[in-house]
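Below is one structure, written out as structure tokens; comments come after it.
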Amino acid sequence: MANEVKLHGVTGSPFVCRAVIALNLKEIKYEFVAEDLSNKSADLLKYNPVYKKVPVLVHNGNPISESLVIVEYIDEVWKGVPILPQDAYEKAQARFWAKFMDDKCFPAVFKAVSSHGEEQAVAEVHEALQFLENELKVKGSKFFGGDNINLVDIAATFVAFWIGAVEEALGIELLPKDKFPKLTEWSDNYVNCQAVKDSLPPRENIVAFFKKRFGKA
1 MANEVKLHGV
11 TGSPFVCRAV
21 IALNLKEIKY
31 EFVAEDLSNK
41 SADLLKYNPV
51 YKKVPVLVHN
61 GNPISESLVI
71 VEYIDEVWKG
81 VPILPQDAYE
91 KAQARFWAKF
101 MDDKCFPAVF
111 KAVSSHGEEQ
121 AVAEVHEALQ
131 FLENELKVKG
141 SKFFGGDNIN
151 LVDIAATFVA
161 FWIGAVEEAL
171 GIELLPKDKF
181 PKLTEWSDNY
191 VNCQAVKDSL
201 PPRENIVAFF
211 KKRFGKA
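So in the UniProt record's numbering, spot 55 of the sequence shown is number 55, and the numbers just go up one at a time.
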């Protein structure tokens, strides 16, 4: 049976990176199709006509859109290291926190970046991140998934990697170690996992992007 896997994306996107991490965790061979978002390919428009954005996973000709949906699909289709908990309650909790990343954390970080670290915007980031800090304290584990990476960790990739690049590029502090010791420790552990490390774009490229797009003249 054919098992053709393609991932349409751009290398600097934290959302595309989620799919790449899931594929690497499962040791799935795939083809990465680089997209130019200023000139979207006919395939991308065909595979994701609703949102017209990346990532899009194409498995045996069938397209799956939206990063967290893709991660869950990968976990269901391929065996190996589980990404979602097996327990129904724990699975629901993982989905809750993954959605929290997109609904609360990411918008707050983007607002802080686009405002060049305006005080109230940074306070909103800290408020959102405090929930994650508290969750790690309650769990008392290395990752949000316990001893192993799960959906929540993957959803929070931009916290672990992109926030540090933003801080370096713009000179603003979004994840101070003294305020978020557990989250800082988690970030270090997470980005140093081999499957994650192999999936991340070069840090200097992300720093350069933020400097160019959001840096003050």
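Virtual Cβ for every residue (Gly too), placed ideally from N, Cα, C.
Since the model is a prediction, treat every value here as computed from it, not as a measurement.
Counted within 10 angstroms of its Cβ, other Cβ atoms place residue i as buried (16 or more) or exposed
i: Glu31; result: exposed
i: Ser65; result: buried
i: Val54; result: buried
i: Ala34; result: exposed
i: Asn48; result: buried
i: Ala123; result: exposed
i: Phe96; result: exposed
i: Asp75; result: buried
i: Leu175; result: buried
i: Tyr190; result: buried
i: Asp178; result: exposed
Under the three-state DSSP convention, the category residue i falls into
i: Leu174; result: coil
i: Ser67; result: helix
i: Asn48; result: coil
i: Asn62; result: strand
i: His116; result: coil
i: Ile74; result: helix
i: Leu37; result: coil
i: Cys193; result: coil
i: Glu27; result: coil
i: Gly164; result: helix
i: Ser187; result: helix
i: Pro202; result: coil
i: Val122; result: helix
i: Val152; result: helix
i: Val81; result: coil
For residue i, the residue or residues it bridges with in DSSP
i: residue 218; result: Because residue 218 is not part of the residues shown, which for the chain are 1 to 217, the question remains open.
i: Leu7; result: Phe32, Leu57
Beta-carbon separation (whole angstroms), residue i vs residue j, contact threshold 8 Å
i: Leu84; j: Tyr73; result: Not really, about 11 Å apart at Cβ, beyond 8 Å.
i: Tyr19; j: Ile70; result: For the record, residue 19 in the displayed sequence is Ala; it is not Tyr. Sure, about 5 Å apart at Cβ, within 8 Å.
i: Lys182; j: Leu136; result: 4 Å
i: Leu68; j: Ala98; result: 5 Å
i: Val5; j: Lys29; result: 7 Å
i: Val10; j: Leu37; result: 6 Å
i: Phe210; j: Ala169; result: 4 Å
i: Ser187; j: Val159; result: 7 Å
i: Thr157; j: Pro14; result: 6 Å
(message) If contact is defined by three or more beta carbon pairs under 8 Å, each pair taking one atom from either stretch, is the region 134–152 in contact with the region 184–199?
(response) yes
(request) Evaluate the contact criterion for the region 47–67 versus the region 113–121: three or more CB pairs, one atom per stretch, below 8 Å. (result) no
(message) Using a Cβ distance threshold of 8 Å, determine whether the region 5–25 contacts the region 198–207, with at least three qualifying pairs required.
(response) yes
(message) Between the region 158–170 and the region 202–212, can you find at least three pairs of beta-carbon atoms closer than 8 Å?
(response) yes
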